[in-house]
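Residue numbers (this note's numbering), protein chains in the order written: chain A, 10 to 395; chain B, 118 to 715. See structure below.
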């Protein structure tokens with residue numbers, strides 16, 4: 010009997026090992042070197058795309074980190090009669106899920122994704138070939154070339170915003186102010202461990218030009234040169250901000266409400282998405298944008314629009330993606346401050362600046378750079394986080 | 118040779134042996150296999166780690182993660198400090214749960230406490246609520262100005278500003294988890310106090326033993342096994358709690374192993390995450406084996422004897438009303454008051470403003486407004502997504518409960534029947550292991566295990582089946598434990614009598630064993646059902662749009678800070694579970710208490 014049991018156990022173990030080992034993608038690191046290998050420009054007309062999409066039927070399945078896509082997709086459904094199934098899901102879970110869906114080739118998997126966090130996207134979905142960077146003639150005409158790979162659908166901005174009940178903006182004119190012991194415990198932002206774009210912002214600070222800007226700003230603020238205790242000014246700023254009582258949150262909405270609530274005796278400042286700022290009056294929050302913050306007033310990051318390598322409705326996904334770039338498809342966003350279409354024909358919401366203007370004071374997330382350096386930044390944050 | 122074959126045939130003729138073999142094979146695949154996978158994942162370079170581990174390819178063997186986690190200059194922040202925090206929180210939660218739940222159990226079973234009926238019902242509430250919502254309630258009440266925003270209700274009412282250690286970090290995490298699991302202590306310890314053989318105390322009284330000595334030398338030793346059982350359940354649950362430390366610890370950067378694991382699985386180094394998961398499983402295993410070594414021989418302590426059950430009740434006398442009132446207030450604080458706060462928060466537009474003009478039902482029944490408004494989603498009662506989520510939650514919880522309850526009962530039957538054999542012991546441990554694997558790690562492994570076809574087992578990812586399987590396996594320990602306990606109380610003669618007259622196994626089960634154990638069987642379904650209704654981390658990675666459940670919607674809303682909708686959904690979940698729980702209790706006489714206590 011014991012022998013039978015041992016045999017069973019051995020079989021299970023062997024099965025397990027075999028099964029375990031087939032889990033890893035075997036595509037490996039196959040990033041093509043030449044840009045023309047990254048994507049091809051499709052020449053099918055939009056009407057043909059729609060016709061083929063109608064033939065393949067619905068529902069087109071979407072995963073998105075942001076909810077507005079649902080409203081844009083509803084317009085598409087109303088016009089062309091193709092059903093859309095929308096799911097809002099966080100970036101980390103989405104990347105994990107899409108990788109597994111494509112690897113498994115499951116039925117009912119996603120067709121079109123709108124995802125942020127360029128670092129993980131590049132390493133885990135693009136380099137592995139799990140998603141396709143679809144571009145057609147019309148999309149290529151609407152977008153600047155640097156937005157074509159990975160294909161940027163829109164930008165989101167996170168900027169320094171402060172409670173202006175008891176003060177004007179003069180306190181927040183230099184980024185080193187949040188590390189100043191006089192401002193202890195006033196700075197809030199979302200945890201880098203719970204949303205990748207924040208870690209990407211820190212990672213972008215490691216770029217040489219930003220390090221230099223930080224050094225100069227330090228001198229502006231204190232009048233003396235920065236004495237490094239870490240490798241460079243970016244690490245130094247992050248470490249001092251953490252040591253100065255940085256408050257981490259899980260939600261930009263909550264941080265916005267915490268910073269802006271009326272009747273507080275602390276003059277908080279937060280780094281959060283600008284589109285939360287838009288609801289301030291309705292919520293009774295007292296907030297101002299610190300756009301004089303020198304040298305960096307925040308950051309903006311792309312939300313990429315990509316198609317699953319195993320999409321069941323590829324034409325539907327292609328047609329829908331293109332539709333959302335058009336002014337008609339973009340309509341649900343037009344009143345949203347802080348969201349910017351990659352198609353520059355779509356003007357920003359009333360009272361907001363264009364992304365070109367913002368990019369003078371904000372740091373732009375660069376997928377290739379963050380993909381390469383994100384790990385170093387994560388290690389660093391982990392070493393100072395407690 | 119022939120003798121061996123005969124042996125084998127005789128062995129296979131007993132249904133209980135077939136059941137045990139069935140569990141060895143299925144749990145081998147569904148429990149041991151994931152464990153092997155976790156071990157393997159700690160030695161592998163994952164897609165996101167290629168940049169980190171210099172010069173490696175995906176799938177390469179590496180010891181990088183082990184070195185970094187245990188023996189690097191940053192190991193303290195990556196691993197040791199969170200480990201230390203986890204130990205503090207888990208032990209503290211055990212202390213809170215056992216002292217609060219235990220003293221409540223003693224008061225209910227052995228004294229003339231007032232309002233017992235209502236108190237015992239309300240005492241179950243914290244267990245029924247999703248644990249993180251209790252954390253949010255704590256924040257609503259006690260938050261101070263450290264993180265800004267509207268002030269907490271406590272400060273608003275009393276003017277007292279709560280100190281930081283009270284509002285965030287280790288202390289509130291310990292309290293919330295402890296309160297969430299206090300019902301375990303009440304159920305397990307109360308079960309023993311209720312069924313205790315009164316002869317022991319009577320003998321002591323005849324010998325004129327002092328009350329205090331009786332308590333120390335009879336009552337305490339009697340409840341010790343239950344205290345230890347509670348300790349294990351609460352400790353391993355507290356250790357794998359994720360959402361509570363995430364909400365209460367993050368603002369002051371207080372990390373425990375689960376939040377650290379989440380960061381790593383979510384970030385670019387899942388390898389660390391798997392090591393942390395493995396360490397957590399090992400700690401839980403060690404505690405389980407120590408427990409078995411300590412109380413192993415005394416397993417069948419609650420045997421129903423039918424002897425004098427007339428336990429003497431301790432009179433609280435002049436303390437009766439004060440103590441009863443104190444407990445009423447305490448229990449209300451963890452049951453009804455959070456419920457009221459959820460309802461209230463779901464109806465106010467601007468936080469912290471309780472004037473009548475600020476009240477609205479938009480978040481319940483209003484149509485979706487434009488996307489730059491607060492109420493940019495449809496009210497939850499007219500939101501198709503919420504209804505779908507509720508339907509899926511119910512479907513999944515019913516299936517998982519049927520699975521866990523049925524298999525758990527069968528496992529209990531077979532384990533007790535073959536008690537003393539190595540096979541029975543092996544299966545008993547095997548059925549308990551899912552309890553020790555942190556939900557998050559469990560689901561990550563299932564995700565990759567069922568993403569591709571393995572021989573005859575199809576790729577189940579994206580199907581309802583994978584959710585049903587993981588729910589069944591994860592909650593099997595609850596049902597199998599109560600199955601084992603209840604089968605231990607059933608004398609062998611009953612089934613033997615039927616065997617002698619040639620009643621087949623199937624009939625013996627359906628017409629003798631199950632009817633006798635009816636209320637335990639139903640309770641064995643109830644506990645997994647409730648746990649599954651409020652489960653989050655087990656399902657969050659495995660759901661797809663077609664089968665998303667209500668808690669995943671709720672957690673997302675909580676994280677995003679859409680408080681009003683989230684509070685409304687939370688209220689709906691709790692009310693649903695309460696109605697079903699008390700409905701079943703009324704109809705069948707079963708209850709969660711019996712599910713845990715056996």
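We put the beta carbon where it would ideally sit given N, CA and C, even for glycine.
Provide the residue span of the alpha helix (DSSP H) that contains residue i, from first to last.
| i | result |
| --- | --- |
| residue 625(B) | 622 to 625 |
| residue 529(B) | 501 to 534 |
| residue 720(B) | No statement about residue 720(B) is possible, as the shown extent of chain B runs from 118 to 715 and does not include it. |
| residue 644(B) | 635 to 650 |
| residue 290(A) | 289 to 292 |
Return helix, strand or coil for residue i, following the three-state DSSP convention.
| i | result |
| --- | --- |
| residue 390(A) | helix |
| residue 120(A) | coil |
| residue 425(B) | Only weak support is given to the placement of residue 425(B): the predicted model assigns it a pLDDT of 49, under 50, and the value that follows is read from those uncertain coordinates. Three-state DSSP puts residue 425(B) in coil, outside helix and strand. |
| residue 202(A) | coil |
| residue 285(B) | coil |
| residue 418(B) | For residue 418(B), the pLDDT reaches just 45, beneath the cut-off of 50, and the residue's location in the model is therefore unreliable, although a value from the coordinates is still provided. Three-state DSSP puts residue 418(B) in coil, outside helix and strand. |
| residue 163(A) | strand |
| residue 327(A) | helix |
| residue 5(A) | Any answer about residue 5(A) is impossible in this case: the structure gives chain A only from 10 up to 395. |
| residue 182(A) | coil |
| residue 268(B) | coil |
| residue 260(A) | coil |
| residue 632(B) | helix |
| residue 228(B) | strand |
| residue 441(B) | helix |
| residue 171(A) | strand |
| residue 600(B) | helix |
| residue 479(B) | helix |
| residue 567(B) | coil |
| residue 574(B) | strand |
Hey, residue i and residue j are a contact pair by Cβ (cut 8 Å); roughly how many whole angstroms apart?
| i | j | result |
| --- | --- | --- |
| residue 684(B) | residue 510(B) | With a Cβ gap of about 17 Å, residue 684(B) and residue 510(B) do not count as contacting. |
| residue 124(A) | residue 104(A) | 7 Å |
| residue 364(B) | residue 253(B) | 6 Å |
| residue 355(B) | residue 294(B) | 5 Å |
| residue 291(B) | residue 161(B) | 35 Å between Cβ atoms; not a contact. |
| residue 451(B) | residue 242(B) | 7 Å |
| residue 219(A) | residue 243(A) | 6 Å |
| residue 357(B) | residue 385(B) | Not confirmed; about 23 Å, so no contact. |
| residue 528(B) | residue 595(B) | Rounded, the Cβ-Cβ distance is 11 Å, inconsistent with contact. |
Exposed or buried, residue i, counting other C-beta atoms within 10 Å across all chains shown (16 or more means buried)?
| i | result |
| --- | --- |
| residue 436(B) | exposed |
| residue 306(B) | buried |
| residue 572(B) | exposed |
| residue 163(B) | buried |
| residue 580(B) | buried |
| residue 623(B) | exposed |
| residue 479(B) | buried |
| residue 416(B) | Caution applies to residue 416(B), whose pLDDT of 48 falls short of 50 and renders its modelled position unreliable; the value that the coordinates give is listed next. Per the 10 Å Cβ criterion, exposed. |
| residue 324(B) | exposed |
| residue 614(B) | exposed |
| residue 703(B) | exposed |
| residue 112(B) | Only positions 118 to 715 of chain B appear in the structure, and residue 112(B) is not among them; the question remains open. |
Within the continuous beta strand (DSSP E) that includes residue i, where are the two ends?
| i | result |
| --- | --- |
| residue 296(A) | 296 to 298 |
| residue 317(A) | 307 to 317 |
| residue 70(A) | 69 to 73 |
| residue 349(A) | 348 to 350 |
For the ligand MG, I want to know if residue i counts as a neighbour, meaning its beta carbon is within less than 7 Å of at least one of the ligand's heavy atoms.
| i | result |
| --- | --- |
| residue 220(A) | Looking at this structure, you won't find the ligand MG or any other ligand, since it has none at all. |
Task: Contact list for the segment 253 to 266 of chain A against chain B, Cβ threshold 9 Å - done: For the segment 253 to 266 of chain A, which is checked against every Cβ of chain B, the residues closer than 9 Å are 254, 255, 256, 257, 258, 259, 260, 261, 262, 263, 264, 265 and 266.
Task: Residues, ordered as in the chain, of the segment 46 to 75 of chain A that lie near chain B by beta-carbon distance below 7 Å - done: When C-beta distances to chain B are compared with 7 Å, the residues of the segment 46 to 75 of chain A below that value are 70, in chain order.
Open item on the list: Using a Cβ-Cβ cutoff of 7 Å, what residues of the segment 329 to 349 of chain A are near chain B? List them in chain order.
Closed with: Of all residues in the segment 329 to 349 of chain A, those with a C-beta nearer than 7 Å to a C-beta of chain B are 341, 344 and 345, reading in chain order.
TODO: Could you run through the segment 642 to 663 of chain B and flag, in chain order, every residue whose CB is less than 8 Å away from some CB of chain A?
DONE: Across the segment 642 to 663 of chain B, CB contacts with chain A closer than 8 Å involve 657, 658, 661, 662 and 663, in sequence order along the chain.
Open item on the list: At a CB distance below 8 Å, what residues from the segment 166 to 185 of chain B approach chain A? Give them in sequence order.
Closed with: Of all residues in the segment 166 to 185 of chain B, 166, 167, 168, 169, 174, 175 and 176 have a Cβ within less than 8 Å of some Cβ in chain A.
TODO: May I ask you to list, following chain order, the residues of the segment 694 to 705 of chain B that have a beta carbon less than 8 Å from some beta carbon of chain A?
DONE: Nothing from the segment 694 to 705 of chain B brings a Cβ to less than 8 Å from some Cβ of chain A.
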